[in-house]
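As structure tokens, this is what we get:
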């Protein structure tokens, strides 16, 4: 049932809540817990590993929550687009629409104690980790109550209490950080994993391979997730990488290629990956791959996905690809449409109800934007806060020694 | 004695007028007490003057023998006198001191006296001379002598790398979240022996040997620090950390700010830097000038075993990311440090020698060049106030400002290059804050803006030498 509460429901969603609670679309309460089996659209392709099965178990609630979460993410990104054009969001704004299935499927497979770290396309992952719309928009607009107090911006969303480590601007630099988080998880012996996400452009960074080497050497519970949207900013993957099979790039590290536009495929793959990273002797591997048993911990997932927008708001996204390609993907592989079809085919809701959900979501997003627009800008004194952490007993005095020096504990 | 007449004759012999024949007589006597004076209650000869001579000669030869063994890893262990300048200085001091003060030693029966690494006890300083303190525990025989006499002196003697190791070990005992990452820190024991023995004690999970991948293991250290661990990342040479500059600048320094205070990065990044003995351009880099403008980072530089241990412990306990700059040539400095737990404040400068005429600001290895120059300056009648700034970011403008208010003249001696070095920033900070107190323009002596050459003489000309410091002070005080 945690799946239902993942995104916070505001008061305007009361009709939606009634929709879910009163179950107008199915006859008995047992149906909500019934297990549906869904086939992923494409099979998984494994590199030095047996891929998981294509059948994924799910429940109606989970299907609906996927739909609602993805709609909210899509709506938020579209709204961010218009806010950027209205010059309320400045600088860089990298939008995630088209790739929502990765965020939502991953959340379904893990807990808040597992860690996620990603690059700058982080708005939707922040939402998935439990961030609220208001915090996102206030941060995007640089207001004081944003998730990073307005000092981070679009590329620096963080949420420590739910294990979201950001939000990083430099391509590829987050992967060693993610491996470090996994090291700390291994050090403290809690059975959690880290998902270090990066893009197909970052897959060519040297520090990625360095981090992969160390993670494999030290058996760290990290899963490297390559969100392959086929374009590294303006450069297509075949022009940037000699070997665009990013799941095979780990060489001695097993890899799995996943259809990133299918939320259930992502969910299955992430669950499989988490089990693989934590288990000491996974059955499938011991029998057929005991040669690689030593490298059992790290895994690379390649999510084959697509972004509809350009790399960022300053990129129209059509100079290096055709509009036909974009609309083709939107028609055939759109993640929200896939879930809609699944819901309709399993008769969990009517088309009108789904439209209502979308309307509610849109209203929520608009309210959040309105609230965010009213939040004040940060105080000028905020410029100097959080540069250093003061004190562990001794008060640090700054360059002009204005603060009084205290004594050691 | 006749063979000792000449230009380089030590004053003591000339003054004492000792005769070689008597010396040979003494050497024939069985010298049963090694260092300590025999009880003088029943002398058979007027022994005291002869004993003082013999003792001083003996201690001098032992000291030279001891100092000729250097244990550093960078190859400068040849016994031909390639040592940190501090030791060269001390041998000079010993030679001068041993004959002048040999008599006072024997007034204090049974004390082993220690040469402090900051040169406070050399002959020639008019202020603060507390008798000559010589280190004589060179050879294995020291344990008998030391067992008797160490009780009277508090603390224990360590070399600088041992002091760092002690600090690290104490902090690892105290907090299980402290771990060490670096190349060859584990099984090898550390390329400068700072982490020797720690891997056996704490295991492979707390003392981690990394592959040669500075960018990623620094990033991993930072990622681990984000979750609450307290890693100590060692760069084998500070210059290698240039490869990790992105991680240090963006993720280490700025994450606390860009996350709005959610993440703290209690990491310590340490390693030896600076110009060594003919190590070449790429291994003689001074990274403090590159890191100094990264916001959110704290930088400290240690110069003595005492402040090395103190700063290491404070850096580990600090919630901020701290870069601890050590120096390749200072690892074998010996000093007596307290037994009890102590830390040095990370933002504080150290007053090495109070004075009246000019403030000399320096850090790390330049401390020893400055102290050597200070000897000459005092002989010439100047009274320099020497401050080891220790904290490179932020500067301790309080101590510095008080000093400038007193002396009105500033000389900065640094090992960074002229352009964009610590001296340049310090000069700007002093001008901004203390302009009214200055009687003369701030002088800054720094290394030349060249890659450090390999040839020894060229390398010496790259770095500031004591003679230049003396000339600068003389010019400043006109």
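Chains as they are written, first to last, in the working numbering: chain A, -1 to 407; chain B, 236 to 713. All C-beta atoms, glycine included, are put in the ideal place defined by N, C-alpha and C. All values reported here derive from a predicted model rather than from experimental measurement.
| Asked | Found |
| --- | --- |
| When DSSP labels each residue in this structure, what does residue 523/B get in the three-state scheme? | helix |
| For a contact meaning CB atoms closer than 7 Å, what does residue 691/B contact in chain A? | Within chain A, no residue comes near residue 691/B; the closest Cβ sits about 36 Å away, beyond 7 Å. |
| Name the two residues that bound the continuous beta strand (DSSP E) containing residue 115/A. | 113 to 115 |
| How far does the alpha helix (DSSP H) with residue 632/B in it extend, from its first residue to its last? | 632 to 642 |
| Out of 465/B, 667/B, 286/B, point me to the one whose CA is closest to residue 178/A's CA. | 465/B |
| Specify the secondary structure class of residue 163/A as computed by DSSP and reduced to three states. | coil |
| Which residues in chain A sit within 7 Å of residue 524/B, going by Cβ to Cβ distance? | Within chain A, no residue comes near residue 524/B; the closest Cβ sits about 17 Å away, beyond 7 Å. |
| DSSP three-state call for residue 45/A: helix, strand or coil? | strand |
| Which runs of the alpha helix (DSSP H) fall wholly inside the region 560 to 614 of chain B and span at least 4 residues, in chain order? | 601 to 614 |
| If we require 4 or more residues per run, which alpha helix (DSSP H) segments fall completely within the region 80 to 152 of chain A? | 98 to 107, 121 to 126, 131 to 138 |
| Is the shortest distance between the beta-carbon of residue 293/A and the beta-carbons of chain B less than 8 Å? | Residue confidence is low: residue 293/A scores 43 on pLDDT, short of 50, so the model does not pin down where it sits. No coordinate-derived value is stated. |
| Inspect the CB distances between the region 615 to 627 of chain B and the region 586 to 606 of chain B and report whether three or more fall short of 8 Å. | yes |
| Which residues in chain A sit within 9 Å of residue 389/B, going by Cβ to Cβ distance? | Ordered by position in chain A, no residue passes the 9 Å Cβ test against residue 389/B, which lies about 19 Å from the chain. |
| Examine chain A for any beta-carbon lying closer than 8 Å to the beta-carbon of residue 452/B, and answer yes or no. | yes |
| Restricting to Cα atoms, I'd like to know which of 268/A, 41/A, 140/A is closest to residue 377/A. | 140/A |
| Put residue 396/B into one of helix, strand or coil per three-state DSSP. | helix |
| Return the chain-ordered ranges of every alpha helix (DSSP H) run that is complete within the region 434 to 494 of chain B and spans a minimum of 4 residues. | 449 to 462, 489 to 493 |
| For residue 468/B, tell me which candidate among 421/B, 688/B, 438/B has the shortest Cα-Cα distance. | 421/B |
| I want to see whether chain A comes within less than 8 Å of residue 455/B, judged by CB atoms only; does it? | yes |
| Going by the CB atoms, is the gap between residue 395/B and residue 514/B shorter than 8 Å? | no |
| For chain A, check one thing: does any of its Cβ atoms lie closer than 8 Å to the Cβ of residue 542/B? | no |
| Considering only their Cβ atoms, is the gap separating residue 557/B from residue 601/B smaller than 8 Å? | no |
| What is the DSSP secondary structure of residue 703/B, reduced to helix, strand or coil? | helix |
| Can you look up residue 431/B in the DSSP assignment and give me helix, strand or coil? | coil |
| Take the Cβ of residue 407/B as the centre, count every other Cβ of all protein chains shown within 10 Å, and call the residue buried at 16 or more, exposed below. | buried |
| Since residue 384/A meets chain B, which of its residues come closer than 7 Å, beta carbon to beta carbon? | 491, 492, 495, 496 |
| Give the residues of chain A in contact with residue 446/B, contact being defined as C-beta atoms less than 9 Å apart. | 208, 211, 212, 215 |
| Specify the secondary structure class of residue 259/A as computed by DSSP and reduced to three states. | coil |
| Mind pulling the beta strand (DSSP E) runs of 3 or more residues that sit fully within the region 172 to 221 of chain A? | 192 to 197 |
| Shorter than 8 Å from the beta carbon of residue 175/A to some beta carbon of chain B? | yes |
| Drop a sphere of 10 angstroms on the beta-carbon of residue 153/A, count the other beta-carbons inside from all chains shown, and report buried for 16 or more, exposed for fewer. | buried |
| Does any residue of chain B bring its CB to less than 8 Å from the CB of residue 147/A? | yes |
| How big is the Cα-Cα spacing for residue 234/A and residue 245/A? | 17 Å |
| So the alpha helix (DSSP H) residue 169/A belongs to, where does it begin and stop? | Taken as a continuous stretch (DSSP letters only), residue 169/A belongs to no alpha helix (DSSP H), as it is neither H nor E. |
| Do residue 513/B and the ligand ZN come close, with the Cβ less than 7 Å from some heavy atom? | Only the bare structure without any ligand can be found here, which leaves the ligand ZN out of the picture. |
| Three or more C-beta pairs under 8 Å: does that hold for the region 161 to 175 of chain A against the region 106 to 118 of chain A? | yes |
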